[in-house]
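Residue numbers (our numbering): 5 to 200. Yeah, the Cβ is synthetic: ideal placement off N, Cα and C, and Gly gets one too. First up is the structure itself, then whatever we jot down about it.
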């Protein structure tokens with residue numbers, strides 16, 4: 005899949021390793037500065053080589069039908085994951101390790117199932133809490149209604165007793181006034197009888 009011939013990156017690294025050995029024999033302290041100097045360049049070359057090899061692999065392997073997706077989670081794809089030339093896209097790329105990808109897919113499915121179960125459990129708990137609060141609200145409303153009805157019934161009965169007491173008191177006052185008038189008439193008649 006990769007181009008034939010000597011590997012330039014491997015030869016470059018072997019030359020640098022030989023040079024580092026020579027420098028280490030002469031001046032052990034200079035090897036750290038030199039390794040810091042060459043490390044970014046070597047990493048960039050290795051990354052470029054890996055990108056090229058991945059691009060060659062993706063161009064050779066057949067494209068899977070939509071019913072057999074390679075992606076574990078398409079929503080987790082980012083623009084930096086694009087391999088090859090051209091503008092970044094969400095095109096399906098062939099995996100380097102299908103078994104690992106299937107294991108990741110199963111792990112993602114298990115994780116997504118657990119996440120959905122957790123969300124359903126939280127939703128069920130929330131619904132149960134809402135139902136409990138609604139039940140408590142209805143019970144409190146019924147209690148307030150019964151209390152208001154009892155209070156109104158008590159006030160109505162108290163008002164009826166007050167009306168009865170008022171009527172009885174009025175009748176007693178009328179009888180007392182009548183008796184007082186009769187007694188006063190008897191006293192006046194008695195005084196007139198004795199004075200005559």
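query	result
DSSP state of residue 101 mapped onto helix, strand, coil	coil
C-alpha distance - residue 136 paired with residue 145, whole-angstrom precision	14 Å
For residue 141 and residue 150, the rounded distance between their alpha carbons	14 Å
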